[in-house]
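Numbered per this note's numbering, the sequence shown spans residues 709 to 961. The structure appears right after this line, and notes come after that.
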Amino acid sequence: MKVCFPNLGTGSEAHCKRRSFHKRRRPKKEVVLPYGWKDLLRQENREGGFFHPDHSGRLLFHSGAAGSFRVKKVMNEDLPRGGNFSRSFYMGAVKTLVMKPGDFFAEIPESPGFRKPFLFLLTSGFILAALRTPFVPGGSIPMALIILINGLAMPVVSAVIGYGIIFVAMKRKLSWPRMLALYAYASGITYLISWLPLATWIGEPWKWILIGIGLVRGFGLSRGQAVGVVAGSILVIILLYSFLSSIFGLFRA
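Pasting the structure below:
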């Protein structure tokens, strides 16, 4: 592989010769390039470091003072950002969840907090309740509230079940706020079509597919493990519904 860095101020033609990057000693640690990482490239003349690809296709950042670091992840600048929930964040999240769900889930921070995922889910829940109520026989404000409460509660229940399956079956303890955010975003995006008649047959599979993608891209599970968690969650939810239906039937009797 032949690479040149004419603009990085190296002052040596050796940087333009053929290199075998795979023979390099492995970097000491991995780092994540922050949002706006391209600005770092403009500072390399002053800081005396440079980026180049290694044999695995990733980037290596070399600096005489700091040593060598492998870039673990470059944060996608096209994803919705901002510290506060806003209409632009909501619209950007909807667009990214539809077009690039894997990238969206991969970039959920380790401690995302509850505010933004909850407000995203709440906004989608309001839309679902407002648009679905007219299709329900005898639709009214109490029915809209039931739809909204159900829309807010089910992602939490599903997240608890999924978290429990991963903890018990795989002996892994994941970040609970991040897990809840995954289920909130995956459920919220599907609410935008779930109000349509018979759209549940599309929305539910879509939701579980998104959850599976999030488990793989966001938590590092294998595809087989993600399928197992999704299948186990669906089975537990079906059994839970059957149990609750039996209890309600006994009370009515």
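Glycine is no exception: its CB is placed at the ideal position from the N, C-alpha and C atoms. Predicted model, so just to flag it, every value in this text is computed and none were measured.
Leu904: which of Pro842, Glu815, Met862 sits nearest, CA to CA?
Pro842
To the nearest whole angstrom, what separates the beta carbons of Ala852 and Ala837, a pair I think is in contact under 8 Å?
4 Å
Using DSSP with H/G/I as helix, E/B as strand and the rest coil, what is Ser895?
helix
Three-way DSSP call (helix, strand, coil) for Arg795 in this model:
helix
Taking just the CA atoms, how far does Leu829 sit from Tyr893?
7 Å
Is there contact between the stretch 895-904 and the stretch 873-883, where contact requires at least three CB pairs shorter than 8 Å?
no
Quick one: using the 10 Å Cβ neighbour count with 16 as the cut-off for buried, is Leu768 buried or exposed?
Note that Leu768 scores 48 on pLDDT, short of 50, meaning its location in the model is unreliable; the coordinates nonetheless yield the value given after this. Classification of Leu768: buried, given that the 10 Å Cβ count is 16 or more.
Please list, in chain order, all residues of the same chain as Ile855 whose beta carbon is under 7 Å from its beta carbon, the five residues on each side excluded.
Leu836, Ala837, Arg840, Thr841
Whole-Å CB distance - Lys863 paired with Gly821, under 8 Å assumed
The sequence shown places Pro at residue 863, not Lys. The pair is not a contact, with the Cβ atoms about 16 Å apart (cut-off 8 Å).
Compute the distance between the beta-carbons of Ala801 and Gly926, then report whether it is under 9 Å.
no
Would you call Ala877 buried or exposed, if buried means 16 or more other Cβ atoms sit within 10 Å of its Cβ?
exposed
State the DSSP-derived secondary structure class of Glu815, mapped to helix, strand or coil.
coil
Under the rule that 16 or more other beta-carbon atoms within 10 Å means buried, what is Phe812, buried or exposed?
buried
Just the Cα atoms here: how many angstroms apart are Val924 and Ser930?
6 Å
Considering only residues of the stretch 835-884, which uninterrupted alpha helix (DSSP H) runs meet the minimum length of 4 residues and lie entirely inside it, listed in chain order?
849-878
If you measure between the beta carbons of Val937 and Ile873, is that distance less than 9 Å?
yes
Any idea what DSSP makes of Lys803, helix, strand or coil?
helix
Could you check whether Ser941 and Gly896 sit closer than 9 Å to each other, using their CB atoms as the reference points?
no
Is Ser930 helix, strand or coil when you go by DSSP?
coil
Could you check how far apart the C-beta atoms of Arg823 and Phe797 are, in whole angstroms? I think they sit under 8 Å.
The pair is not a contact, with the Cβ atoms about 11 Å apart (cut-off 8 Å).
Can you give me the C-alpha to C-alpha distance between Ser819 and Ile910, rounded to a whole angstrom?
31 Å
Gly821 in three-state terms, based on DSSP
coil
Check Pro913 in the structure and name its three-state DSSP category.
helix
Could you give the DSSP three-state label for Pro905: helix, strand or coil?
coil
What whole-angstrom Cβ distance do Ser866 and Ile945 have, given they're in contact under 8 Å?
7 Å
Measure the Cβ-Cβ separation of Glu890 and Gly928 and say whether it is below 9 Å.
According to the sequence provided, residue 890 is Leu. The question's Glu does not apply to it. No, Cβ-Cβ distance for Leu890 and Gly928 is not below 9 Å.
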